[in-house]
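Below is one structure, written out as structure tokens, with a few remarks after it.
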Amino acid sequence: MKVVAINGISGSGKTSLINKLSNSLSCPSILFDNFVDKHTYPKDMKRWLLDGANISDIKTPRMDKALLDSVSNSKAEYIFVEEPFGKCRAPISTLVDKAILLDMPIDICLSRIISRNIAQSDGGASENISQYLDKYNEFLRDIYIETNIQTRGTSDLIINKVQSVQRLENVVIQWLKAGAN
97 MKVVAINGIS GSGKTSLINK LSNSLSCPSI LFDNFVDKHT YPKDMKRWLL DGANISDIKT
157 PRMDKALLDS VSNSKAEYIF VEEPFGKCRA PISTLVDKAI LLDMPIDICL SRIISRNIAQ
217 SDGGASENIS QYLDKYNEFL RDIYIETNIQ TRGTSDLIIN KVQSVQRLEN VVIQWLKAGA
277 N
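So, in structure tokens, the structure goes:
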């Protein structure tokens, strides 16, 4: 059994790809966003960036435990983990066998985030989007770029071409079957 982390910035397509892969290969998956709480990120992300953006400062103890439990109990060939930071975060790094970076253009990712926000909105989308874009312009864009640079160096496969989820799934499955094991 191999733990395969799918990493990339927000809007790169991690969740869609993991859902597709885990369904097609009948493998468990763990999604980062399901474990985010008020203690996950440093309180001042702008300061965090200025201080060097240490990815290990991002904490998900419940996710760490869920992944450990899955590794201990799963008989599947793979466990797919949505881990935006790939192999860069302790203790996740010790559990990940392979990391795949979805290195999508930042403007495509931003467009997807805005579309997702509109689709999930209960009517306050324009205010939410406006607040997000203010943070994006102030520091989030730089955080995305910095964390992508860091994860690039620890990724086993980098996909930097915008493709359908089906095509991405095919690329990953072919890569895994060709010896990424």
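Numbering (the working numbering), first residue to last: 97 to 277.
Glycine included, C-beta positions come from ideal geometry on N, C-alpha and C.
Beta-carbon contacts of residue i that lie in its chain and below 6 angstroms, excluding the five residues immediately before and after
i           : result
residue 208 : 107
residue 100 : 174, 176, 194
Simplified DSSP assignment, three categories, for residue i
i           : result
residue 98  : strand
residue 121 : coil
residue 114 : helix
residue 154 : coil
residue 105 : coil
Given residue i as reference, the closest of the options once Cα atoms are compared
i           : options            : result
residue 223 : 168, 171, 210      : 210
residue 160 : 188, 147, 229, 101 : 188
residue 148 : 247, 239, 251      : 239
residue 150 : 260, 262, 244      : 244
residue 132 : 237, 266, 158      : 158
residue 129 : 152, 143, 156      : 156
Contacting residues, own chain, Cβ-Cβ under 8 angstroms from residue i (five flanking each side not counted)
i           : result
residue 172 : 97, 121, 122, 123, 124
residue 258 : 200, 201, 204
residue 154 : 136, 137, 138, 181, 185
Cβ-based neighbour list, residue i, same chain, cut-off 7 angstroms, excluding 5 preceding and 5 following
i           : result
residue 227 : none
residue 118 : 124, 125, 176
Would you check if there are 3 or more beta carbon pairs closer than 8 angstroms linking the stretch 138-149 to the stretch 199-214? no
Please give me, in chain order, every unbroken run of the beta strand (DSSP E) with length at least 3 that falls completely inside the stretch 172-252. 174-178, 194-198
Say whether the stretch 261-275 touches the stretch 177-186, bearing in mind that this needs 3 or more beta-carbon pairs closer than 8 angstroms, one atom from each stretch. no
Counting Cβ pairs closer than 8 angstroms, one from the stretch 179-191 and one from the stretch 102-119, do we hit at least three? Here the stretch 179-191 makes contact with the stretch 102-119; the two share three or more CB pairs at distances below 8 angstroms.
For the stretch 252-277, which segments carrying the beta strand (DSSP E) assignment without a break, of at least 3 residues, lie completely within its bounds, in sequence order? 253-255
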